[in-house]
Every structure is written in structure tokens, then in C-alpha cells.
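Student: For reference, the structure I am asking about is given below.
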Amino acid sequence: MSAPSICVFDSAEVAVRELAGELSELIRSRAAEGRMAVLGLATGATPLPLYQELSRLHHQGLSFANVISFNLDEYLGLARDHAESYWTFMHRNLFDHIDMPESNIHLPSGVLPEAAIPAHCTEYEARIRDAGGLDFQLLGIGGTGHIGFNEPGSPRDSRTRRVLLDEMTRCDAAPAFGGVCQVPTQAITMGCGTILEARRIVLLAWGERKAAIVNTALNGPLTEQVSASFLQEHPNTSFYLDHGAASALESVPSPCGSTVTLPRRACVPG
Ligand code: PGA
Numbered sequence: 010m011s012a013p014s015i016c017v018f019d020s021a022e023v024a025v026r027e028l029a030g031e032l033s034e035l036i037r038s039r040a041a042e043g044r045m046a047v048l049g050l051a052t053g054a055t056p057l058p059l060y061q062e063l064s065r066l067h068h069q070g071l072s073f074a075n076v077i078s079f080n081l082d083e084y085l086g087l088a089r090d091h092a093e094s095y096w097t098f099m100h101r102n103l104f105d106h107i108d109m110p111e112s113n114i115h116l117p118s119g120v121l122p123e124a125a126i127p128a129h130c131t132e133y134e135a136r137i138r139d140a141g142g143l144d145f146q147l148l149g150i151g152g153t154g155h156i157g158f159n160e161p162g163s164p165r166d167s168r169t170r171r172v173l174l175d176e177m178t179r180c181d182a183a184p185a186f187g188g189v190c191q192v193p194t195q196a197i198t199m200g201c202g203t204i205l206e207a208r209r210i211v212l213l214a215w216g217e218r219k220a221a222i223v224n225t226a227l228n229g230p231l232t233e234q235v236s237a238s239f240l241q242e243h244p245n246t247s248f249y250l251d252h253g254a255a256s257a258l259e260s261v262p263s264p265c266g267s268t269v270t271l272p273r274r275a276c277v278p279g
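If you're matching positions, the sequence shown starts at 10 in this note's numbering and goes up one per residue.
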């Protein structure tokens, strides 16, 4: 088992500069080979500084013309043009500011007749496969320890599917919707198995609010109750944290699998 590498940065801005550099390198090297870069993208407050940095890099000349993206999830019941749909979020915060062809953008649909959902999910998986699989998957982590909307009880080998949202997740989203009653109860999400097939994964977390769940994900048992814990077994995952999000880490698994005390302000390479 290869443990995730844990990088602790002075701020989210410093962390995303490093990550944006890695992504630019991937995109440019693929472009030089005439190939596409396949990115799995995430929503929420956490990736916003990264999307700002990627937009800035585009204005400095980085082209996204050879990027194909697949978002992790979408609320069920929200049309694309709903203010809180993830389609709207991604366009407002990234796609409207870069040159990715619209036809390369993929999010699960939030508006589907009940009977069409299973086939839609199967097709989403097929599109990822047909694109060559995910080169890179960006993740945040929810209060429940979810990655995507893989709430407690999500199996390690789960695939893209319809899920019920946990009450904690709906409460976290309540301010944006003007009350928990307005937050959808269901979503379509990539599964844990879908995410874990990405060749490279980076999970971002900022602030003390995330400290306990980050520690549980990294140092707790592998369990369906915390889907981020499955990342412990992924061969090429990094956790990019600020000091707040790292503040509950008692110990980190070292690259060779033994346990070491977290060196504060350190980057433990994977
Ligand atoms: P956040 O959400 O980025 O808004 O904290 C993360 C998540 O729920 O995955």
C-alpha cells in the first residue's frame, strides 16, 4: 500500500499555485504530444482559489483546448441554468474564463426522468473510459468525509449512481440555497470506484473546520463510513492542506507505510 503524500502549505493560495503548475505541465505536455488531458473536477468553496489561478494562467497563455473534463456530481432536480446547479457553478467560476470547448465539458444531468437515470450513469462512466480514463481527479472533502457525494455507506467499488444526500451535507449547503428545505435531497455522483481509478488524485482542504475529518480520512480505518478513507490505498494521491486543515493530524503515514509524527510545515513526498 502506498500512503497518500501530505503537503502542508502556508495558505490555500500557495497550495493552488503549486497544483496549478502541475496541471499546466500535464496539459502542455499532452498538447505537445497531440493528446488530450482528462481532468476530474470538483465544486464547493474549496477549489475556488484553484479555478482563479487556472483562469489567471489562461490569461497568461495556457490553453485548455486539449482538456476534457468530468465533474464529480450534480444535484438531482436542478436544471443547468439553476443558480445553484454545479453546471452554473463550473461555468461561473472556471469554464467562462478559459478556452475549453463546450463539447469537452461533462457533468451528470440534474434533470432526468426517473427511468433514465441508470442509463445516464452508465453512459457517464463509458464517456470517462472512452476519453482514456481520468488523468487527474480534484477532490474536496465534506463534513461526512465524502468525496464527490459518496456519503457514509458508499461501497469502495461504487460507480456513478443516484444517491441520497446526508443531512450534514444538506445543512452545509443550506446557506447557498436560502434554507435546508431548498437543498435537493438527491444527487448523481461518480462512485468511489470511479474516483479511485484516476491515475492521480489531489484532495484539497482549508481551515480548522476540516481538521478532524482530514485526520479521520488519513489516519482512521478504511471504511464506507468515510469515503475519503479509501484514498489511503490509492497509489498516487496527495492531500494539499493549509495549517488549519492539518491541525488535527497526530501522525501521517510515511511513503514507505510506517507511521511518523507530522513535521509541522512539512511536505512529505509520495
Ligand atoms: P466545500 O465542500 O469545498 O464547500 O467545503 C467540500 C465537499 O463537500 O466536498
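Beta carbons are placed, not taken as given, at the ideal position from N, Cα and C, and that holds for glycine.
Here the structure is a predicted model, which is why all the values come from computation and not from measurement.
Kindly indicate which three-state DSSP category G216 falls into: helix, strand or coil?
Tutor: Here residue 216 refers to the residue found at position 207 when the sequence shown is read from its first residue. Looking at G216 - three-state DSSP - the assignment turns out to be coil, as it is neither helix nor strand.
Student: Skipping 5 residues on each side, what residues in its chain have a beta carbon closer than 6 Å to that of A24?
Tutor: One-based indexing of the sequence shown puts residue 24 at position 15. The answer, listed in chain order, is F18, Y249.
Student: Indicate the three-state DSSP secondary structure (helix, strand or coil) for N159 in the structure shown.
Tutor: Against the sequence shown, residue 159 aligns to sequence position 150. In this structure, N159 counts as coil in the three-state DSSP scheme.
Student: Which partner residues does Q146 have in the DSSP bridge list?
Tutor: Taking the first residue of the sequence shown as position 1, residue 146 is located at position 137. Note: Q146 sits in a beta bridge opposite G49, I210.
Student: Determine, using beta carbons only, whether P164 comes closer than 7 Å to chain D.
Tutor: The question asks about chain D, but that chain is absent: this structure has only one protein chain.
Student: So, at 7 Å on beta carbons, what are the nonlocal neighbours of A185 in its own chain, with the 5 sequence-adjacent residues on each side left out?
Tutor: Against the sequence shown, residue 185 aligns to sequence position 176. Excluding positions up to five away in sequence, the list reads E93.
Student: How about A54: is its Cβ closer than 6 Å to a heavy atom in the ligand PGA?
Tutor: Position 45 of the sequence shown, counting from 1, holds the residue named residue 54. Because some heavy atom of the ligand PGA lies under 6 Å away, the Cβ of A54 counts as near it: yes.
Student: How is E31 classed by DSSP in three states: helix, strand or coil?
Tutor: Here residue 31 corresponds to residue number 22 of the sequence shown, with the count starting at 1. DSSP places E31 in helix when its eight states are reduced to three.
Student: Per DSSP, which residues does R171 bridge with? Please list them.
Tutor: On the sequence shown, position 162 is the one that residue 171 refers to. In the DSSP output, where bridge partners are listed per residue, R171 has I197.
Student: Output the distance between the C-alpha atoms of D251 and A124, rounded to the nearest integer angstrom.
Tutor: The count along the sequence shown starts at 1 and reaches residue 251 at position 242. The count along the sequence shown starts at 1 and reaches residue 124 at position 115. About 43 Å.
Student: The alpha helix (DSSP H) with L59 in it runs from where to where?
Tutor: The sequence position of residue 59 within the sequence shown is 50, counting from 1. Segment 57–68, the alpha helix (DSSP H) holding L59.
Student: Grouping DSSP H, G and I as helix and E and B as strand, with all else coil, what is E83?
Tutor: Start at 1 with the first residue of the sequence shown, and residue 83 comes out as number 74. The answer is strand: DSSP assigns E83 an E or B state.
Student: Check the DSSP bridge columns for L250 and list the partner residues they point to.
Tutor: On the sequence shown, residue 250 is found 241 positions in, with the first residue counted as 1. V17, A214.
Student: Do G216 and the ligand PGA come close, with the Cβ less than 6 Å from some heavy atom?
Tutor: Position 207 of the sequence shown, counting from 1, holds the residue named residue 216. No, Cβ of G216 sits at least 6 Å from all heavy atoms of the ligand PGA.
Student: Assign G149 to buried or exposed, taking buried as 16 or more other Cβ atoms, counted over all protein chains shown, within 10 Å of its Cβ.
Tutor: The residue labelled residue 149 in the question sits at position 140 within the sequence shown. Classification for G149: buried.
Student: Where S38 and G70 are concerned, what is the direct C-alpha to C-alpha distance, given to the nearest angstrom?
Tutor: For the purposes of this step, residue 38 is taken as residue 29 along the sequence shown, with counting starting at 1. For the purposes of this step, residue 70 is taken as residue 61 along the sequence shown, with counting starting at 1. Whole-angstrom Cα-Cα distance: 15 Å.
Student: Name the DSSP beta bridge partners of H115, please?
Tutor: Sequence index remark: in the sequence shown, residue 115 carries index 106 (1-based). According to DSSP, H115 bridges with F79.
Student: Run the CB neighbour count on H68, radius 10 Å, all protein chains shown included, and call it buried at 16 or more, exposed below.
Tutor: In the sequence shown, the residue the question calls residue 68 occupies position 59. Counting Cβ neighbours within 10 Å, H68 comes out exposed, since fewer than 16 surround it.
Student: Find the nearest neighbour of G152 within the set D181, R165, R136, T169, judged by alpha-carbon distance.
Tutor: Position 143 of the sequence shown, counted from the first residue, corresponds to residue 152. Looking at the Cα atoms, D181 is the closest of the given residues.
Student: Report all residues from its chain with a CB closer than 6 Å to the CB of A214; omit the five preceding and five following residues, and keep chain order.
Tutor: Residue 214 sits at position 205 when you count from the first residue of the sequence shown. Only I150, V223, L250, A254 meet the Cβ criterion.
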